[in-house]
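These notes are about the structure you will find just below.
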Amino acid sequence: MKKYNFSIKYSFAIILLSVSCKSDFLDRAPISQTNSVNFYKTQADMLNAVNAAYASLQAEYNQSMYTIGEVTSDNTEILDAQSGIDNTQIDDFKTLTNNGILSSMWNYNYTGILACNTVIDRIQAISMDETLKTRYIAEVKFLRALQYFNMVRTFGDVPLVVKEIVDVQESYTYARTPVDEVYKQIIADLTEAENNLPPIYGDADVGRATSGAAKGILAKVYLTQGKWSDAASKAQEVISSAKYGLLDDYKNVFAINNKNNKESLFEVQYKKGGYGTGSPFNNAFAPRNSGSIVSTIGAGSGTNQPTADISAAYEPGDLRKDISMAEGYMNGSTFVASRYIKKFLDPNLFAGNDADNNWPVLRYADVLLMRAEALNEQGYSAGGETFDLLNQIRKRAGLTDIKPATVPDQAAFRLAIEQERRVELAFEDHRWFDLVRTNRAVEVLKAKGETIQPYRLLFPIPQTQIDINPSVITQNQGYNEN
Amino acid sequence: MRIYTTALGLGNGFSSLENPVKVAKERVHHDTEFRLLGTAFAEYSFLKNLSYKLLVGTDLHNERNNTFNPSVVGSDGNPPPVIPSASYGSTDSYNWLVEHTVNYSTELGKHHLDVLAGFTAQKARSDGASIAATNFPNDQVQTLNAGVVSSASTTGAEWTLLSYIGRINYNYEGKYLVTASIRRDGSSRFGSNRKWGLFPSISGGWRISQEPFMKDVEAINELKLRSSFGYTGNNFIGNYDHVGLLAAKNYVFGANGGTLVNGIGPSSISNEELGWEKNKQFDAGIELGLWQGRFTFTADYYHKITSDLLLSVPVPSLSGYTTARQNIGKVKNEGWEFGASSQNLKGNFTWSTDFNFSLNRNKVLALGPSGEPIFGNYQVTNSHITEIGQPLGSFYGYKVAGIYQTAEEVANSPHFSDSAPGQFRFEDVSKDSRLSVDDRTILGNVQPDFIYGMTNNFSYKGFELSFLIQGVQGNEIMNLGRRFYANFAGTANALKELNNRWRSADDPGDGKTPRVNRDLSKYSSSNASANISSTHIEDGSFVRLKSISLGYNLPQNTVQKLSLANVRIYLNVQNLVTISKYTGYNPEVSSTGIDPLTPGVDYGVYPIAKVFTVGLNVGF
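As you go down the protein sequences, you meet chains A and B in turn. When we follow the working numbering, the leftmost residue of the first sequence carries the number 1257, and every step to the right adds one. When we follow the working numbering, the leftmost residue of the second sequence carries the number 17, and every step to the right adds one.
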């Protein structure tokens, strides 16, 4: 350190300088980050806030949804625990309360729900185009409902937060809300969404939630609750809207140059190119140790590999099988028998885990099958609409029609739907939820040699959340003994 | 070009492992740093006793780093050739301080008074830039122009601090000393209502040895009692922790493949009530010097209460946030510090010894409104717990009581639903005859019982020898690297204790090591995601010969013959011997940084080096 003697003149200049900048000297707003004080003022701000609510879907669907929706079920499996201890626990029904995938699921969904609640709470005070205001609210209510629907199906009772938490102390007062009340909120949100969302958007806004998407998810909510007639009529509203239809070629449903097609009601949007918005499924689903043979760029993780059981579940001649999965890959001239999902491959991905595939949350085929199921649950009919609905799907798959002769009663039709849903919607995060919703999970998996305790139909509440607030947040039955 | 091996096709889930020598030699990482510190002051005396002083200080700092990952270096599971990539980063920062002080000092007979009042302003700003590029055609040109830029960003951050200070020093005859001071600090890091903190303190001393009645006690040349009480503040947190920040959360909309759209969503919660962390401290001490300073002794006692701790605390994530910076809790630190130094021998052969010993007790007195414990997560969820009545950041998990030998033993002792022979048997802490999450307990903490150090200096003629011994006693370390080294799943190399594992009830091994397996039960040894158990916690006590230095100064007449000023030959050795039961590399280190909620974890930290230095020092 050196010391210099300044001239008196110079030092007085500095005195003046330092005094003159004194006021507000301590008020320092972040330079490189937007902050909540200055944001949420304009219509453009609110649009950004709504977009951020959608963005949470990527984190939610990137891993936890397929792990719960598919890996848990008989559709897919983890072949090597090196692919991830957390996934393997879930696959083997040995899920522990500190499982990382579940705590991510919990955290990501509540981050998304906060983004929705923030829009709802803050948009009221903003003067902006009223039509857009209504639409923005409806969009985030759709998203909030979808997230609570996924949460309630995974964890059972979950804390129902419908406003932005601005004081962290408040978050300690929320206990787990009974499933029925959560569903009430989901239905209220979706009902508002279906009334206030447009049926379609202009080119720039394709991918936003539509009234059709809200109706479709609502049909699934009703189906999950066993409200058959409500489910049937919501599905019918989607069908009658004439906005949707089955594509002729099953392959085109998942084609990366055919996103948000006529068969799609709602997709999680992805875009490759180093923007942080690429989809990871191309690499996540490629077999472990396959190098980049299947994934093209970057390694495969093997976190969602089809089982022998689903391979055998496709009827001979089913066109969907070869589009959906492969039995293995060629390593040079050697065939490696390691099944993988083909629906979400991107042959031209930008980088590892940066592909272009959208994720189908709800497809028209699902709506047709929901309608058929809801009708059948209200009473079997030999032939007619239920058979037609199912056979539309089968026809596209290159399969022969099912007939009342071979599907003679309600129970048989149930199984026909279960089978058709399984192969039509394979690897799209529906199988586990379907098995649970139809009360078939324990029975079906037991027949395949997987004995599960009934309490494992719900997943454990993340232990961290209980530990943070033990007198308020409780564990699901069965898991405390773990 | 050198030839290296990359291990391929290892099985067990490993397709390749990169050669570490190659990684070290071929990967490029350059850092350059430039720093300029400067202080200037001007002083003006208005009156004989009254002066004004202006002090201006600056600290300029520039740092740049370049990395290049060439095509020849792969990573584990991704053998070369890989696509080369590179990055460039820079940080420019400045920190200036302006201090105005007015000083008045006077002597009135035996009274001495010194009064100071002042005002300081300080501002720091740091600007960072980073660029990354990939798709380099080859390894020849390593600057970013040769690749395709994949990301670039610049960021800035700043903080400011204003302080008003006042201090009065008074002493009477150099015997009675009193200092009172007060400062009012304002920091930009706190919420608008809580930016300012007021921190007074007072201290006093009595140099008993100056009293007339001590004149006859020849053995005592210095005896002083001193004590102080006061408040201090702490603002060592992020620059914007009180502000609710939003983050870019971009998404995609639009036909024909979609277009990126901007999204901005909440990432941290506002806390306008965030304010200063406060320390309230009492000290009392004694200084004693005997026999003209041949022996000195100091003893100090302190008692410090820290309140409104600035902690980033895990919060219910149903809020949409996983952590929040809060003023929470109250912690007590209480302890003793002793120091002694002695000139044992004087004359041709000299020997002096300095010794210090201290102990500290840390205890949490209060936590948030409900008093619930705060958990800390380092790599593993809930690896630490902060609980009232315990030290901050205690290790938390299951206590291993043994290994289940037989199925009967599992059935007859507390167990989890899927406990099995060969797995750990944990202690039933909750005494409910079964094992559950309620059986997690505190397994140790980083607080030592005491620490000590001793330096001895010897000299004889031109020879000098000194050595420093340091020791820490009674702390624990979380050897979390054991998640991998003692993970007997066959996926990687393991510690040799694997040889003593349980194989069957008839071949139980050493009774401490569980069986090998790849199952996913948390009770096995092999589950990397398992909770912390007492097998991760080790005694961290150690004694270390921290340094030895042996030197020889050439006799002055020899040096003069060589026309030199001085010549010294020396040998320094650092960290020569460490005595410790700790099984990791170094009991002295922690990989967790400064987070007080998750201290004391060794997660594969780099071992400490033994350093041998031989030197020749020539003065002209």
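We treat Cβ as the ideally placed atom computed from N, Cα and C, and that holds for glycine. Remember, it's a predicted structure, so these values are computed and weren't measured experimentally.
Fewer than three Cβ pairs drawn from the segment 574 to 590 of chain B and the segment 366 to 384 of chain B lie within less than 8 Å of each other, which leaves the two stretches out of contact. Within the segment 355 to 388 of chain B, the residues whose Cβ lies closer than 9 Å to some Cβ of chain A are Gly384, Pro385, Ser386, Glu388, listed in chain order.
The Cβ atoms of Val1494 of chain A and Gly1458 of chain A lie no closer than 8 Å to each other.
Secondary structure in the segment 1400 to 1470 of chain A: the alpha helix (DSSP H) runs of 4 residues or longer, each lying completely within the stretch, are 1435 to 1452 in chain order. By the Cβ-count criterion, Ile1379 of chain A is buried, with 16 or more other Cβ atoms from all chains shown falling within 10 Å of its own Cβ.
The closest CA to that of Ala625 of chain B, considering only B:Val593, B:Asn491, B:Ser146, is found on B:Val593.
At least 8 Å separates the CB of Asn119 of chain B from every CB of chain A.
Of the residues assessed, Pro282 of chain B falls on the buried side of the cut-off, its CB having 16 or more other CB atoms within 10 angstroms. Counted as a single uninterrupted DSSP element, the beta strand (DSSP E) harbouring Leu52 of chain B occupies residues 44 to 61. The contact set of Val331 of chain B on chain A, defined by CB atoms closer than 7 Å, consists of Val1424, Ser1427, Ile1724 in chain order. Taking the CA atoms as reference points, Gly487 of chain B sits about 25 Å from Arg498 of chain B. Using a Cβ-Cβ cut-off of 8 Å, Arg1464 of chain A counts as an interface residue toward chain B, since at least one Cβ of chain B sits closer than that to its own. DSSP places Gly1356 of chain A in the helix class (H, G or I) of the three-state scheme.
Proximity of Val416 of chain B to chain A, defined by a Cβ-Cβ separation below 8 Å, is not satisfied. Shown here, Phe1591 of chain A sits in a strand according to DSSP, grouped into three states. For Trp307 of chain B, the secondary structure class from DSSP, reduced to helix, strand or coil, is coil. Of the residues B:Ile595, B:Lys597, B:Tyr568, B:Ser596, the one whose Cα lies closest to the Cα of Val583 of chain B is B:Tyr568.
Where Ser1489 of chain A is concerned, the enclosing alpha helix (DSSP H) starts and stops at 1484 to 1496. Close partners of Thr176 of chain B in chain A (Cβ separation under 7 Å): Phe1281, Leu1282, Arg1284. The shortest C-alpha to C-alpha distance from Leu1446 of chain A to any of A:Asp1436, A:Ile1456, A:Ala1465, A:Arg1432 is the one to A:Ala1465. Pairing Thr170 of chain B with Ala145 of chain B, the inter-Cα distance amounts to about 4 Å. Per DSSP, the unbroken beta strand (DSSP E) holding Asp108 of chain B starts and ends at 101 to 124.
In the DSSP assignment, the residues bridged to Leu239 of chain B are B:Leu304. Within chain A, the residues Leu1282, Asp1283 have their CB atoms less than 9 Å from the CB of Lys211 of chain B, given in chain order.
No Cβ of chain B is located within less than 8 Å of the beta carbon of Asp1602 of chain A. The Cβ of Ile1334 of chain A sits no closer than 8 Å to any Cβ of chain B. DSSP, reduced to helix, strand and coil, places Thr1374 of chain A within a helical segment of the structure shown.
DSSP lists B:Ile553, B:Val617 as the beta-bridge partner residues of Met494 of chain B. If you draw a straight line from the Cα of Asn94 of chain B to the Cα of Val88 of chain B, it is about 11 Å long. Within the segment 1648 to 1671 of chain A, no residue places its CB atom closer than 8 Å to a CB of chain B. Residue pairing for Gln486 of chain B: DSSP places it in a beta bridge opposite B:Gly469, B:Arg560. In this chain, the alpha helix (DSSP H) harbouring Tyr1310 of chain A covers 1299 to 1318. Look at the segment 1506 to 1523 of chain A: the residues with a C-beta under 9 Å from a C-beta of chain B are Ile1512, Asn1513, Lys1515, Asn1516. When the Cα atoms are used, Ala1487 of chain A and Gln1299 of chain A turn out to be separated by approximately 36 Å.
Chain A places no beta carbon closer than 8 Å to that of Phe152 of chain B, leaving this residue out of the contacts.
For Gly336 of chain B, at least one C-beta of chain A is nearer than 8 Å to its own C-beta.
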